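Colleague:
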Amino acid sequence: MYNTLLFDFDGTLAPSLQLWVEAYQYAALTMGGLELTEEIVLEKCFFRSFLEVAADLGLSPGSDFAQQMDVGLERGFASERLLLFPKVLELLESCKEAGLALGIVTTCSRLRVTAALARLGIADYFDTVVSHNDVENYKPHPEPVELALTRLQKLPGKTLFVGDYITDVQAGQAAGTYTALFLPEEHTRFYSFGTLRAAAPDFIFSHYSELIEHLQQTVFKTAPV
62 MYNTLLFDFD GTLAPSLQLW VEAYQYAALT MGGLELTEEI VLEKCFFRSF LEVAADLGLS
122 PGSDFAQQMD VGLERGFASE RLLLFPKVLE LLESCKEAGL ALGIVTTCSR LRVTAALARL
182 GIADYFDTVV SHNDVENYKP HPEPVELALT RLQKLPGKTL FVGDYITDVQ AGQAAGTYTA
242 LFLPEEHTRF YSFGTLRAAA PDFIFSHYSE LIEHLQQTVF KTAPV
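Offset between the sequence shown (1-based) and our numbering: plus 61.
Below, the structure written as C-alpha cells:
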C-alpha cells in the first residue's frame, strides 16, 4: 500500500513539545524579562511565526527572538531529555528492511532537526529532510510534503505522512498522501484531541506499536525486530 513514510519530528518522533515550551519561556525572559506560563506559551506562541510571537509579546525584532529561541532549543535538544518515543526505532528499522523510503517534514530549522536526528542515532534512516529553511510555505500548506516527495521521486498516493498535529494532517491531505495522526496521552495538555480527530486522518494511533501493527498488515513482510 505504501512505499514511502514521511514524519513530522517534534511531538511525533520525539516527545519534545515541553522543550519548545521552555525555549519560548527562555527567549521571552532573555529578551524582555517576561515570565511566561505554559498556558500563555500554548495560547500565544505555538504554531505561529517567531515574528508574530515577538510582536504579540511586545518584543522586537523577530529576528532577535528567533536567535534566542534557537539558543533555548539548543539547550533542550542537547540534553538527555531529548528521547525517542517508545518503538520508534523498531518502526524505522522495519521500514528500512521493507525497502520503504523515509523522510522528515518539519517546521523546525534544518540545523536543529539534523542535530537532533544525529544525537538520537536515527539520521541514517532518512533519505531526505525538509525543514522550514527549504520552503516558502509551512504546513498546513502542501509545499513541504510535495518537496519531500519530489526529492524522493515518490507518489503521494503511495505515501503515509505521520504527524501529531492538525497541520500535519492538513498538509498531507492537501498533498494527496494518506495521513496518520499520533495522539499520545501526554499530549492532552498541548492539544484538543477532539479537534485533531475532526481533521479526519486515515489512521489514528496512541502508541507506535499500533502503527507497527497497521504497517505489518499493509506493508511489512516480516515482524519488527
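Even for Gly, the Cβ is constructed at its ideal location relative to N, Cα and C. Keep in mind it's a predicted model, so treat the numbers as computed, not measured.
Assuming residue 242 is part of the beta strand (DSSP E), what are its boundary residues?
Modeller: Your numbering for residue 242 matches position 181 in the sequence shown. Start and end: 239 to 243.
Colleague: Residues bridged to residue 71 by DSSP?
Modeller: To locate residue 71, count along the sequence shown from 1; it is residue 10. Per DSSP, 75.
Colleague: Count the CB pairs spanning the segment 196 to 208 and the segment 146 to 159 that are closer than 8 angstroms, and state whether there are at least three.
Modeller: No: the two stretches stay apart, fewer than three of their Cβ pairs being nearer than 8 angstroms.
Colleague: Please confirm whether residue 171 and residue 79 have their CB atoms less than 9 angstroms apart.
Modeller: Position 110 of the sequence shown, counted from the start, is the residue given in the question as residue 171. Position 18 of the sequence shown, counted from the start, is the residue given in the question as residue 79. No, the pair does not count as a contact, with Cβ atoms beyond the cut-off.
Colleague: At what residues does the beta strand (DSSP E) containing residue 221 begin and finish?
Modeller: As a working mapping, residue 221 is identified with position 160 in the sequence shown. Taken as a continuous stretch (DSSP letters only), the beta strand (DSSP E) holding residue 221 covers 220 to 224.
Colleague: Pull up the distance between the alpha-carbon of residue 216 and that of residue 87, whole angstroms please.
Modeller: Indexing the sequence shown from 1 puts residue 216 at position 155. Indexing the sequence shown from 1 puts residue 87 at position 26. When rounded, the distance between both Cα atoms is 41 angstroms.
Colleague: Could you give the C-beta distance for residue 241 and residue 266, rounded to a whole number, given that I count them as a contact under 8 angstroms?
Modeller: As a first step, residue 241 must be located in the sequence shown, where it is residue number 180. As a first step, residue 266 must be located in the sequence shown, where it is residue number 205. Contact flag correct, Cβ pair sits at about 7 angstroms.
Colleague: Of all the options 132, 183 and 136, which has the alpha carbon lying nearest to the alpha carbon of residue 157?
Modeller: Within the sequence shown, the letter at position 96 stands for residue 157. Of the candidates 132, 183 and 136, the one whose C-alpha sits nearest the C-alpha of residue 157 is 183.
Colleague: To the nearest angstrom, report how far apart residue 221 and residue 63 are at their CA atoms.
Modeller: Residue mapping note: residue 221 aligns to position 160 of the sequence shown, counting from 1. Residue mapping note: residue 63 aligns to position 2 of the sequence shown, counting from 1. Near 7 angstroms, if we compare the C-alpha coordinates of residue 63 and residue 221.
Colleague: So, with DSSP's three-state summary, where would you put residue 280?
Modeller: Here residue 280 is taken as the residue at index 219 of the sequence shown, counted from 1. Of the three classes helix, strand and coil, the one that applies to residue 280 here is coil, per DSSP.
Colleague: Would you list, in sequence order, the uninterrupted alpha helix (DSSP H) runs of no fewer than 4 residues that lie entirely inside the segment 98 to 173?
Modeller: Listed in chain order, they are 99 to 105, 111 to 117, 123 to 138 and 149 to 158.
Colleague: Measuring straight from C-alpha to C-alpha, what distance separates residue 260 and residue 140?
Modeller: Stepping through the sequence shown from its first residue, residue 260 is reached at position 199. Stepping through the sequence shown from its first residue, residue 140 is reached at position 79. Rounded to the nearest angstrom, the two C-alpha atoms are 34 angstroms apart.
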